[in-house]
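Down below is the structure, laid out as structure tokens.
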Amino acid sequence: MAVITYFSERGFTGLDSGYSSSHPLPYVALIQQSACSFLLERTYASKYRSLWVGPGDLKEYSIFLTRIFFPLGPYEESFLPLQSPQSTAITYIILYLISSSNRWILSCRLNDLKRLLLQVLNASEDFGAHLKENENGRKWLYVRITVILSTNAALLILNSISSSYLRIEFVHGYPFLTKTILLVLVISEYLFSALPNNVFPVYCMLVCHYLHGMFGNMKTWMEADSPVEYEHMTKVYIHIRRLVEAADDVLSMPLFVFCFFHSTTIYLCVTSLLPQDEYVGSLRQASHWILFIGINFAFICLSREASLIYEHNAKIGSMARELMIIEPNPSIWQKKFVFIAEKELSLSVWKMTAVKRSFMFATLGTVLTYSILIHSLR
């Protein structure tokens with residue numbers, strides 16, 4: 068047995084040497100125990116307390132301590148410093164660094180994100196993007212956004228329930244207060260760590276929806292029977308291209324981090340959902356299924372909305388070439404419009420690859436294949 072003692076006056080934490088040598092305590096766990104003792108010291112107004120932690124309670128104890136240093140949402144039970152393999156620990160640390168990096172990037176670009184959304188909304192209103200034929204598309208967009216946000220709410224509820232009923236015995240006599248502290252930690256770590264990565268696809272979907280909606284209106288103008296005013300059309304098209312380029316400048320880096328976050332999360336879900344030797348709780352398994360479905364659904368919806376920008380722009384370019392071919396005397400503005408519209412336009416992932424439908428299917432197939440392959444090799 069290990070005896071963890073601390074004094075409220077001096078803030079000192081000690082570890083009794085009577086702990087069995089067959090279960091060595093890692094250095095990280097020592098730091099976590101010191102942090103947890105300090106937290107409990109601030110919680111309970113007592114002069115002196117002793118916390119008895121035995122080998123049977125180390126798993127629950129590690130779960131609580133892991134939340135302080137590795138806030139990773141629905142997969143906290145998998146990272147156990149005393150039982151998990153080194154590769155799993157490294158994967159969780161990488162996921163935590165990715166989540167923190169994405170939150171930091173979004174925080175640094177918060178003003179740019181607000182400015183971009185306002186510019187896109189104002190431009191969509193000026194160019195008549197809010198037409199009756201787009202109402203059906205907006206309804207399906209809101210349905211997809213509701214599903215994404217609902218999965219986040221379901222994950223938070225499941226994690227809160229599972230954490231509230233964890234058997235943590237290292238504070239004898241205060242089970243309710245211990246569970247309350249744990250519940251607050253679960254909610255706070257989800258709001259500050261996992262939620263920004265799951266809300267970012269919703270923002271990108273809104274921006275991309277209004278951008279390709281403006282391209283859709285341009286196609287409607289070109290398909291109309293009335294003569295096309297290519298001077299006005301060219302100016303409008305150039306303005307929309309600048310909006311897409313501005314969106315790419317702001318979103319390319321967060322898109323790369325989100326794709327990295329998606330890949331790492333899929334790997335963790337696949338390794339957790341595949342058959343294992345040890346028993347996995349129903350709440351934990353349900354949370355992994357919801358996370359697996361939710362993160363894939365968000366990635367597919369985001370990639371689809373972003374790929375429509377490329378597809379609508381390509382259709383506008385092909386339509387402009389066809390109209391110029393059948394026109395006996397094309398004007399200078401028509402030639403300029405065809406020259407500009409023939410250039411590719413799309414959002415990119417860190418300025419490296421364009422977001423198309425092929426990118427979506429290639430990413431999903433590659434991540435799932437390598438996740439299963441790596442899991443089978445372990």
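Using the working numbering, the letters of the sequence shown correspond one by one to residues 68 to 445.
All residues carry an ideal CB built from backbone N, CA and C; glycine is no exception.
Keep in mind the model is a prediction, meaning the values are calculated, not measured.
Pick from the options that is closest to residue i, judged by C-alpha positions
i      : options                           : result
Ala387 : Arg309, Met285, Cys326 and Thr247 : Met285
Ala221 : Tyr209, Ser191, Leu184 and Asn265 : Asn265
Phe475 : Glu411, Pro268, Val405 and Ala291 : Here the chain has residues from 68 to 445 only, and residue 475 is not among them.
Thr218 : Gly204, Ser354 and Asp193         : Ser354
Ala373 : Cys271, Trp400, Leu341 and Pro294 : Cys271
Ser227 : Thr247, Val214 and Ser293         : Thr247
Leu273 : Ala314, Ser293 and Val253         : Ala314
Ile224 : Trp207, Ile254 and Asn203         : Ile254
Ala408 : Ser330, Val251, Ser174 and Arg309 : Arg309
Leu412 : Val251, His279, Leu258 and Leu249 : His279
Ser288 : Leu390, Trp207 and Lys403         : The question names Ser, but residue 288 is Trp in the sequence shown. Here the closest residue by C-alpha is Leu390.
Met300 : Lys402, Leu258, Ser349 and Val311 : Lys402
Glu192 : Ile307, Gly384 and Ser168         : Ile307
Val295 : Phe404, Pro321, Ile305 and Ser168 : Phe404
Leu180 : Asp316, Trp207 and Val251         : Asp316
Cys326 : Asn178, Thr420 and Leu258         : Thr420
Lys382 : Lys410, Leu244, Met320 and Ser260 : Lys410
Cys175 : Met320, Pro395 and Thr436         : Met320
Residue i, DSSP secondary structure in three states
i      : result
Ala373 : helix
Thr338 : helix
Ser168 : helix
Ser354 : helix
Pro93  : Residue placement at Pro93 is poorly supported in this model, since its pLDDT is 40, which falls under 50; the coordinates are not used for a value here.
For residue i, the first and last residue of its enclosing alpha helix (DSSP H)
i      : result
Met281 : Leu262 to Glu290
Ser413 : Here Ser413 belongs to no alpha helix (DSSP H), and DSSP marks it neither H nor E.
Leu258 : Where Leu258 is concerned, there is no enclosing alpha helix (DSSP H), given that its DSSP letter is neither H nor E.
Lys181 : Leu177 to Asp193
Val434 : Arg424 to Leu444
8 Å Cβ cutoff met for residue i and residue j
i      : j      : result
Ile357 : Cys275 : no
Phe282 : Asn380 : yes
Ser398 : Tyr334 : no
Leu414 : Leu340 : no
Glu298 : Trp400 : yes
Gly361 : Ile165 : no
Ser370 : Phe328 : no
Phe406 : Val303 : no
Ile160 : Val324 : no
Pro263 : Arg170 : yes
Ser293 : Val434 : no
Val311 : His442 : no
Tyr277 : Val422 : no
Leu459 : Thr332 : The displayed coordinates of the chain run from 68 to 445. Any statement about residue 459 would go beyond what the structure contains.
Arg205 : Cys368 : no
Starting from the N-terminal side, write out each stretch of the beta strand (DSSP E) that is 3 residues or longer and does not extend beyond the region 379-403.
none
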